[in-house]
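Position 45 (the sequence shown) corresponds to 44 in numbering that gives the first Met the number 0; numbering is contiguous.
Ideal placement from N, C-alpha and C gives every residue a C-beta, glycine not left out.
Encoded as structure tokens, the structure appears first; notes follow it.
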Amino acid sequence: MQSNNIEVLGHAISNGKGVQLNLDIAKLHTRTKIQVPVIVERAKKDGPTVLITAGIHGNEINGVEIVRQLIARKWNKPEAGMVICIPVVNVFGFLNQKRQFPDGRDLNRVFPGSPRGSLASRFAFHIIKEIVPLVDYCMDFHTGGDGRFNVPQIRVDQEDLESIELAKIFAAPFIVKSGQRDKSFRHALHRLHKKVLLFEGGKSLDINESVTKSGLAGALRVIKHLGIRDFTKELGMLSPKPGNSVMVTKSSWIRAKYSGMFHPSVSLGSRVEKGDVLGSISDPFGYFERHIKARFSGYVLCINQSPIVNQGDGILHITKD
């Protein structure tokens, strides 16, 4: 909750004001500063504070696009409480179109960080120290990686009942109850008793309109539910309309038994039954082709869209009934 005086990154934010700040805590070997824009909007009326982040992995562009549209449409301006947006957490990874932080580390594997650790660890430490204490809720936007296209989904801890209810409000097609990954941003916030919704949708180095609309609509529903701003009109114009999310407690990857050219024959989010043909793997010369069949029934959460796969690669991620 807010008080009369709120300080963000050393700047006082008064009621009804907005400001763009820079999280500036490190330099590269060229002495170039790592500056991460932090966009803060505070209402005149008190209320919850929500943090909206994307680009923790620098090549996950679709999440950045969702937060960008929230800001561009001025939907980050609250009627109550405060909204803090960090559209690109890993700015240098974004510039280089790489997943990793400039020191080669995965930023989402070093939280809560350390003031004397690696470059990524120091950066994580300052986010946890300077931004996270101000917030009550967080929506963190991600995509699939390495050509893997994820159906829009919200990932929450299966023991966190309030976050599960918020995930239902978000109304992505799927809600995945998943365990906490050690040293991830979500895990660090969970340990600080912050409520976190992690959105997954699309694939790296790609912008998909359907995924963007799903993420935008879900964010507006949550912000409206928290009493931060009424988006009834805006939600009426957005598609897709909310349906009943499929709750996922178990899932498994189908892995390639052979190396070759991969031809999926099912669509994201579709229901498959045990024994259904999911696709095929063939050689490039026309001599070899093997069908891939479902070993169990469920929904397709992710499809590997790489045209060439190696033996053992994950090619389809499917829920398990």
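Taking 8 angstroms as the cut-off, decide whether the C-beta atoms of residue i and residue j are in contact.
i: Phe-93; j: Phe-184; result: no
i: Lys-193; j: Val-247; result: no
i: Val-90; j: Ala-53; result: no
i: Ala-218; j: Ile-51; result: yes
i: Gln-99; j: Thr-211; result: no
i: Leu-106; j: Ile-55; result: yes
i: Leu-196; j: His-141; result: no
i: Phe-169; j: Arg-228; result: no
i: Val-271; j: Ser-296; result: yes
i: Leu-133; j: Val-245; result: no
i: Ala-79; j: Lys-26; result: no
i: Leu-215; j: Leu-237; result: yes
i: Gly-108; j: Ser-117; result: According to the sequence shown, residue 108 is Arg rather than Gly. No; because the gap between Cβ atoms is not below 8 angstroms, this pair is not in contact.
i: Ile-291; j: Gly-278; result: yes
i: Lys-182; j: Ile-174; result: no
Nearest-angstrom Cα distance between residue i and residue j?
i: Ile-12; j: Val-82; result: 12 angstroms
i: Met-0; j: Gly-46; result: Legend: pLDDT at Met-0 = 46, less than 50; position of this residue unreliable, no value from coordinates given.
i: Asn-243; j: His-10; result: 42 angstroms
i: Val-131; j: Ile-24; result: 16 angstroms
i: Lys-240; j: Gly-285; result: 44 angstroms
i: Val-49; j: Val-39; result: 10 angstroms
i: Ser-113; j: Met-138; result: 23 angstroms
i: Asn-75; j: Ala-255; result: 43 angstroms
i: Asp-102; j: Thr-231; result: 44 angstroms
i: Ile-127; j: His-189; result: 12 angstroms
i: Arg-294; j: Gln-96; result: 36 angstroms
i: Phe-122; j: Ile-65; result: 23 angstroms
i: Ile-222; j: Ile-314; result: 35 angstroms
i: Ile-280; j: Phe-261; result: 5 angstroms
i: Pro-36; j: Ile-206; result: 21 angstroms
i: Pro-263; j: Asn-303; result: 8 angstroms
i: Ile-5; j: His-28; result: 34 angstroms
i: Pro-172; j: Gly-259; result: 31 angstroms
i: Asn-3; j: Gly-17; result: 15 angstroms
i: Gln-34; j: Glu-208; result: 29 angstroms
i: Ser-213; j: Lys-32; result: 34 angstroms
i: Gln-19; j: Arg-180; result: 31 angstroms
Could you tell me if residue i is buried or exposed, where buried requires 16 or more neighbouring beta carbons within 10 angstroms of its beta carbon?
i: Leu-225; result: buried
i: Val-276; result: exposed
i: Thr-318; result: buried
i: Ile-307; result: exposed
i: Gly-15; result: exposed
i: Ser-269; result: exposed
i: Phe-124; result: buried
i: His-186; result: buried
i: Gly-274; result: exposed
i: Pro-283; result: exposed
i: Ser-266; result: exposed
i: Gly-178; result: exposed
i: His-316; result: buried
i: Arg-30; result: exposed
i: Gly-235; result: exposed
i: Leu-160; result: exposed
i: Arg-72; result: exposed
i: Arg-41; result: buried
In the DSSP output, which residue or residues are listed as bridge partners for residue i?
i: Tyr-298; result: Arg-270
i: Lys-35; result: Note on residue identity: the sequence assigns Val, not Lys, to residue 35. Answer is Leu-22.
i: Trp-252; result: His-316
i: Gly-278; result: Pro-263 and Ile-291
i: Ala-11; result: Glu-6
i: Ile-85; result: Thr-52
i: Phe-140; result: Ala-53 and Phe-198
i: Ile-307; result: Met-260
Does any CB atom of chain C fall closer than 8 angstroms to the CB of residue i?
i: Gly-201; result: Absence of chain C from the displayed structure is noted, only one protein chain being present.
Problem - the segment 143-154 contacting the segment 199-208, beta-carbon criterion three pairs below 8 angstroms - result: Put simply, the segment 143-154 touches the segment 199-208. At least three CB pairs are less than 8 angstroms apart.
Exercise for the section: Flag this pair as touching only if the segment 59-79 and the segment 150-167 have three or more C-beta atom pairs under 8 angstroms; answer yes or no. Expected result: These segments do not touch.
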